[in-house]
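Q: Quick one: the structure is below, and I'll ask about it shortly.
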Amino acid sequence: MSFATRGFSGRRREADTRLPPGQTLVQDWPVLSAGPTPQVDTADWELTLQDETGTDHRWSWDELLALGVEDVTVDIHCVTHWTRLDMAWRGVSLDKLFEDVESEHEFVMAHSYGGYTANLPLEDLLDGKAWIATEADGAPLTPEHGGPARLLVPHLYFWKSAKWIRGLTMMPDNDAGFWEQYGYHLYGDPWKEERYW
């Protein structure tokens, strides 16, 4: 026997199954950064991938785009509890960068202009899971959002999608990046709410 009528509790809203626990849906794109915003011209931009032998593989802006740009639509989830669904991006799959790079190392440190770093398992960057993004919402990335290029790893919390990307370094161990040194989770799965250690 119920002590409240059916209308007392209001209507139950159906939850969006793409919204991880603890997240709130937003329509805009909040700007969050640690430190000043680097201003990097595409003429000066370069991406370096250092393999386990210490060999540097380098791409200029034009060389990166020549690898093949693709359009992707993904959901992004910030550790500060906001989620944006169906966001349109354009970028180069990391699969293209790793085509001629073999490694027994299982981890990667992403390095940004400005000194920011983020650690990631290599397997989370391959098989169509990550991109070097150059555009969002149909326009070039602005510096505030990580332009001219940022890492895009949408299945992890967005701090792993390092802004102002300039390099990737192969690592044998899962060394902590910038936010991880301050207590953020080493992996950052939004579906498990892996926000902090």
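Counting from 1, position 114 in the sequence shown corresponds to residue 114 in UniProt numbering; the numbering is continuous, with no gaps.
Glycine included, each C-beta is placed from N, C-alpha and C at the ideal position.
Going along the chain, which residues of its own chain have a beta-carbon closer than 7 Å to the beta-carbon of G147, five neighbours each way excluded?
A: Translated into positions along the sequence shown, residue 147 becomes position 147. Correct list, in chain order: P140, L141.
Q: With a CB to CB cut of under 6 Å and the five nearest residues on each side skipped, what residues in its chain are close to P190?
A: Position 190 of the sequence shown, counted from the start, is the residue given in the question as residue 190. Contacts found: P20, H77, Y157.
Q: Would V153 and L125 be called neighbours here (beta carbons separated by less than 8 Å)?
A: Looking up residue 153 in the sequence shown gives position 153. Looking up residue 125 in the sequence shown gives position 125. Their beta carbons are under 8 Å apart, which means V153 touches L125 by this criterion.
Q: Just mark G177 as buried or exposed, buried being the case when its beta carbon has 16 or more other beta carbons within 10 Å.
A: Looking up residue 177 in the sequence shown gives position 177. Per the 10 Å Cβ criterion, buried.
Q: Counting along the chain, where does the beta strand (DSSP E) carrying D62 start and finish?
A: Walking along the sequence shown from the start, residue 62 turns up at place 62. D62 -> not in any beta strand (DSSP E); alpha helix (DSSP H) instead, spanning 61–66.
Q: On the DSSP bridge assignment, give the partners of T83 in chain order.
A: Here residue 83 refers to the residue found at position 83 when the sequence shown is read from its first residue. The partner list for T83 (beta bridge, DSSP) reads L25, H77.
Q: State the start and end residues of the unbroken alpha helix (DSSP H) segment that holds L156.
A: In the sequence shown, residue 156 corresponds to position 156, counting from 1. Element bounds for L156: n/a, residue is neither H nor E.
Q: So, does the stretch 160–174 touch the stretch 103–119, judging by three or more C-beta pairs under 8 Å?
A: Short answer: they touch.
Q: With a CB to CB cut of under 7 Å and the five nearest residues on each side skipped, what residues in its chain are close to D62?
A: One-based indexing of the sequence shown puts residue 62 at position 62. Hits under 7 Å: none found.
Q: Quick one, which of Q39, Y187, W131, D16 has its alpha-carbon nearest E144's?
A: Translated into positions along the sequence shown, residue 144 becomes position 144. The candidate whose alpha carbon is nearest that of E144 is Q39.
Q: Report all residues from its chain with a CB closer than 6 Å to the CB of Q50; omit the five preceding and five following residues, and keep chain order.
A: Position 50 of the sequence shown, counting from 1, holds the residue named residue 50. Hits under 6 Å: D56, T169.
Q: Hey, could you find the ends of the alpha helix (DSSP H) L97 is sitting in?
A: Counted from its first residue, the sequence shown places residue 97 at position 97. Per DSSP, L97 belongs to the alpha helix (DSSP H) from 94–97.
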